Each structure stands twice: as structure tokens, then as C-alpha cells.
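Data first, discussion second: the structure below is written as C-alpha cells.
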Amino acid sequence: DDPDDNQGPLLGFTAIATSVANEVKVAAGYTATPFVPWGTPLTGALPEYLGDGTNTGADQEQQVGMNHDGMHYFPIDFKEGGSSSEEGLLVMNHEYIEPDFLHPDGPTEVGGARPEAEVHKEVAAHGVSVIHIKKTAGVWDIVHGSQYNRRVTGATDMELRGPVRGSDYAVTKHSNDGTLARGTLNNCAMGHTPWGTYLACEENWAGYFKSDDDPKPRNLSRYGVGSNSRYGWDTVAGVDVYERFDASSKGASAADDYRNEPNTYGWIVEIDPFEPASTPQKRTALGRFGHEGIIFGLVEEGKPIVCYSGDDSRFEYIYKYVSNQAYYADTASGALLDDGKLYVAKYNDDGSGEWLELSHGVNGLTVDNGFADQADILINTRTAADFVGATPMDRPEWGAVHPTTGEAYFTLTNNSRRTEDQVNAANPRPNNQYGHIIRWRENSGSVTAFQWDIFVLGGPAGTATPGETAALVTLDDSNKFNSPDGLWFDKRGVLWIQTDTGGTEEFGNDQMLAADPSTREIRRFFTGVVDCEVTGVTSTPDLKTMFVNIQHPGSKNGDGSYTSNWPDGGSARPRAATVIITKDDGGVIGS
Ligand code: FEO
Ligand code: CA
Ligand code: CA
Ligand code: CA
66 DDPDDNQGPL LGFTAIATSV ANEVKVAAGY TATPFVPWGT PLTGALPEYL
116 GDGTNTGADQ EQQVGMNHDG MHYFPIDFKE GGSSSEEGLL VMNHEYIEPD
166 FLHPDGPTEV GGARPEAEVH KEVAAHGVSV IHIKKTAGVW DIVHGSQYNR
216 RVTGATDMEL RGPVRGSDYA VTKHSNDGTL ARGTLNNCAM GHTPWGTYLA
266 CEENWAGYFK SDDDPKPRNL SRYGVGSNSR YGWDTVAGVD VYERFDASSK
316 GASAADDYRN EPNTYGWIVE IDPFEPASTP QKRTALGRFG HEGIIFGLVE
366 EGKPIVCYSG DDSRFEYIYK YVSNQAYYAD TASGALLDDG KLYVAKYNDD
416 GSGEWLELSH GVNGLTVDNG FADQADILIN TRTAADFVGA TPMDRPEWGA
466 VHPTTGEAYF TLTNNSRRTE DQVNAANPRP NNQYGHIIRW RENSGSVTAF
516 QWDIFVLGGP AGTATPGETA ALVTLDDSNK FNSPDGLWFD KRGVLWIQTD
566 TGGTEEFGND QMLAADPSTR EIRRFFTGVV DCEVTGVTST PDLKTMFVNI
616 QHPGSKNGDG SYTSNWPDGG SARPRAATVI ITKDDGGVIG S
């Protein structure tokens, strides 16, 4: 029974209550099982997870990383045109680390410097895991010893592609010709391409760097690179791969120091999970900002590809990329992401919208106005978007595209700093604590014009999304939610919404809901554990196994105990993990 043939109601389950429990909960008739937690042995010597934080950096390079985030399931037979729901590559981001949990007694510093061994482990716990998984007698497990199992970390060799490759802006001591990069960090949401590759997105990368330069150039200051780095990796003296996080000008030219190293971050990184030896490619034509994720519009043979990406920071923007070359399934590759036009969204109060092109010589993006060339525009995407007059949004997080209509939905998670005089129709609430979901439909035959509306406003029970004459939807206890973040359409057209608050008294632990996009009916399907965020959602093609991530469960109490011991229980330190959700009757998830 192909899910495409499923003619039942979109939402067939009964909503569950909010939860403050230290276990994951899912709708009646479903089972949720933890899978591949942080530290699970994955490659090489398969070092076993040690529950006291004593695994080394070398161990961590061979284990699943920390703080699971965006994720995608690739059927193992994808390249042969298959759609296996029994075996595949589960690829996921590890956004950031909790040093308190990573090390035996938290992070240390000696004489103002971080110990190299700790930094090694922290860098290794970031990045991406490619996990070959297989279902045997109904139970999913890792295919141990598979050539596909792989860790990409904050130190993995990568290449720059697109207009920034080989430019002066990318010249570093490590890459005098401006073509190489190392590592990917703070990978939040993700994307996947029609040609079977994974796209890791670099979000809050700026905090990993420091610079003593004063004033700081706009390629640092506009992104928030400050005078101190979050984890102090730059303080490991004499180790080039860590010292590069100090972006101060030190040498005679950019080829002698790492002033340009931050220009090698803020990109979309393409990883081919089916080619374990392949070098990840940073696709610079897609722009440099705090990429939350990337989502493709509907793909049509012989037409350009279209993708959308949000910049998750207060008052930042939503972008669109359109390839210059047409898509053909037989030949499509990452080259489509190297040659195209970048646009940024303007939402007019009348429900119309415009995509403003960010190309050199267009919309005033000229030398006279401070943009030297296309590489300069891409390095300074935020500054270019400011210049053309894009609409500052309430923190654009994930996007999702409806599988048949092509309508795009984006979460705007919250923005406590929007004031009364800054509201507009697309960001209608001052002090937007609860967030909302916006959607748009491209005008047919136009690359630059679209129509938009608000799908739902988040908030407590009683929160109404206003329509012209009556509320379009009013939340109640079965579907109240706060700070929508993860967003995904399954191929039946169910919109899955995940929240990121870290837990609140009003809303309980973070959760996942399902929505019918045509009726705006919304039901709570799943709840996470204490202090976690629910993020990352994908499924097998038959929609009978869903994978969801629990990020940053638990926090440390003053007495050294944890607010959650999930998933190991007892007094164990908490571990981010995937959750496998199945329907007890073997049916389609959500039906
Ligand atoms: Fe990493 Fe935008 O959340
Ligand atoms: Ca997020
Ligand atoms: Ca978030
Ligand atoms: Ca997060």
C-alpha cells in the first residue's frame, strides 16, 4: 500500500496533552524508541560510549556527534531509482555541544588557554553523521562496518565552490589560492537535493570566531563576530586547525593569517553520502548568512531549480536561489548550485511579495555603492539585502514546500525585540514571543512576484489567526504551541511542526504537531523530554518509519545531577538522540 494511495483523512490520530515528563510521548497507537544517541560507535575501531565523559577526541571522531538537528533518510537504492524503506543512509547534523556533558567535569582553561585534548573532542562532536541503517525483523540498527558510515566534523577538509572560490576574500594561510576550507559548524536545519546529496547549513558560526581588529570589517561585524569566541578554540597555541578561529589581522597579508577564515563559513555545504571519500563542497552562490536550512521548490524537468533559505536571527531575511541552468534528472549535480541568481524577499502589506535580485550591477549593488563584485555581494549577503530593502523577519527558521501545490511555508520562530512601530503585515505582533508560520505561492510565469499569507500564529489556547471576516484558526489545549522551528511536509501533504522553547510552564516540553494545510486543523502528535528541543524530522518513503531528533535534553543542576537522564535513565548524563516512531498496526504515520 503506497502512501500515495492513502485516501483516508490527513490526520487520523487523537491529539495528546502537553507534557512535562522525562520520557517522549506519542499519540495513542504509536511507539517511540530512542536510536543512535550521542557517542554511539559509528566508524573505525567503534570505540564504545563511556558514560562519564572520558571518551577522547579520537573516539568522538568515530562516534555519533552531539546535539542532533536536521536530518534526512536516503533510501540505500536511491541511485538506482529505488525507494527502500528497509535500508538507507540516515544523515544528520550535530549543531553544537554542551561542554558540561562532553567532558568529565565540564570545560577547563589553563592560563587563558583551552587544553588541546578538550578542543579536539569539541570540534569532533560537531558536524554531520552519515549512518547506514537497516531494518531486520522490524528493528532498525546500524550496519556496522559499512563503508557509508562517516563522520564529517569541524575540521574535515572541504572546498569552496561558486563565485567566492579563488577570490581574494577566501585567501587564508591554509589556502593561498582561496579554494579550500576546513570543517562545518553549527549545522542546524538542512536540505537534500533531487540528485541524492545532503545539504548541511551553517547557522550561528560567527560565535566560533574572534577578532581583535578594531573596527571590524563588515564581513565580520554584520555577522556578530566579536572579541571573544564561544569555546576558546583559538587559544590552543601552535595548532593551526584551532588557531584559525582567531580572525585578527596579524601578518603582512591575508595569505599570512586567518582574517579571512570567517569568509569560509556561513555557507550551504553539499555532502554526497553515497561517496564516503568525497570532499564536502561549500556552495557560495547560495549566499553567506546564518543559514537555518534549505528547501527545494518542486523540481521540473527542463526548468531551473528553485530553493529557499532563511537567516535565523532577529530582523534577518528569507532568500531564494534560482539556477541559471535547467534541471535534467539524468545529469543534475551540485553544479546547479554554483551558477544562479540569489534573491531576497520583500513582503508587502497587501499580501503581494517581491524577490529582490542580489546580483552585481542590479538594484544598485554597484562598485559606487560599495559592492566590488558578485563574490563581495555573496560574502556580505546581509549587507546587500539591507541595501535593496528586504523585509526584516521574526527569525526565519525551517521551510517546507507542499508536495503537490509547491506552496512554501516558513517558521518565524519569535522576536522579542520587535517594537510596536516595527510591525508589518508579515510580522504582525510586537514582542512576538510565540512566533508564526508564513506561506507563499509564486505567481505563475514570474520569477520575482509572489502572494503570501499567514498560516497560523503560535501562542496559548485562545490565540486566533485573524482572517478577513473571522478567525482562520483558534488554538486550544490540543494544539497550542510556542516558537515553531522545525517544519516538514511528508508526501501525503501533512505539515509537521516542531517547537524550540526549551520548555515553558504554559506549553510544557517541546513538541511536534501535525497540520492539514488546507483546513488549518492542527493536532499535537509528540512531546519531548525536559529542557530539550524537538528538531529534525524525516521518514522512510513508505511513511511507516519516522525519525525525529531530541536535541539538548536535560541541563545540569547545581548539585551536579541532571534535570533529565534521558535516554539512558538512572543518574546518567543526558544524550541527544534520534527517536524512531512507528504505528503499532504497521500503518502510515499520522494517518
Ligand atoms: Fe539552530 Fe535556528 O536554530
Ligand atoms: Ca532551529
Ligand atoms: Ca530555534
Ligand atoms: Ca537548537
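Using full-length UniProt numbering, the first residue of the sequence shown is number 66, and each one after it goes up by one.
Using N, Cα and C, we set each Cβ at its ideal position, and we do this for glycine too.
Nothing here was measured: the structure is a model prediction, and the numbers come from that model.
In this structure, the CA atom of Val512 is about 48 Å from the CA atom of Ala123.
For His137, no alpha helix (DSSP H) encloses it; the enclosing beta strand (DSSP E) starts and ends at 133–140. Annotation for Thr478 indicates a beta carbon within 8 Å of some heavy atom of ligand 3. Contact between Ala254 and Met223 does not hold, since their C-beta atoms are separated by about 19 Å, which reaches or exceeds 8 Å. With respect to Gly243, Thr221 sits apart: the two C-beta atoms are not nearer than 9 Å.
Between Glu174 and Gly291, the C-beta gap is not smaller than 9 Å, which leaves the two residues out of contact. Leaving aside the five residues that flank Asn293 on each side, the residues in its chain whose CB is nearer than 8 Å to its CB run, in chain order, Lys275.
The Cβ atoms of Gly362 and Val371 lie closer than 9 Å to each other.
For Arg247, the uninterrupted beta strand (DSSP E) segment begins and ends at 245–247.
Taking every protein chain shown into account, the CB of Gly405 has 16 or more other CB atoms within 10 angstroms, so this residue is buried. Assigned with DSSP and collapsed to three states, His197 falls in strand. Assignment of Ser240 by DSSP, reduced to helix, strand and coil, places it in the coil class. Judged by DSSP in its simplified three-state form, Thr349 adopts helix. The bridge partners DSSP lists for Lys621 are Tyr627. Under the criterion of beta carbons closer than 8 Å, Met131 and Leu167 qualify as touching, at roughly 7 Å. Contact between the region 376–384 and the region 474–493 is present: 3 or more CB-CB pairs across the two stretches fall below 8 Å. In this structure, the straight-line span from the alpha carbon of Val195 to that of Asp134 is close to 13 Å. Pairing Phe78 with Ser656 gives a Cβ-Cβ distance under 9 Å. Here Asp395 is exposed, its C-beta having fewer than 16 other C-beta atoms within 10 Å. The residues Ser604, Ile646, Ile654, in chain order, have a CB closer than 6 Å to that of Met611 in the same chain once the five nearest residues on each side in sequence are set aside.
Exclusion of the five residues before and after Val559 leaves Leu75, Ala579, Gly655 as the residues of its chain whose Cβ lies within less than 6 Å of its Cβ. Ile141 is positioned such that its CB atom lies no closer than 9 Å to that of Lys186. In summary, His209 is exposed, with fewer than 16 beta-carbon neighbours lying within 10 Å of its beta-carbon over all protein chains present. The three-state reading of DSSP puts His159 in strand, counting E and B together. Going by DSSP, Gly122 is part of the alpha helix (DSSP H) stretching over 122–125.
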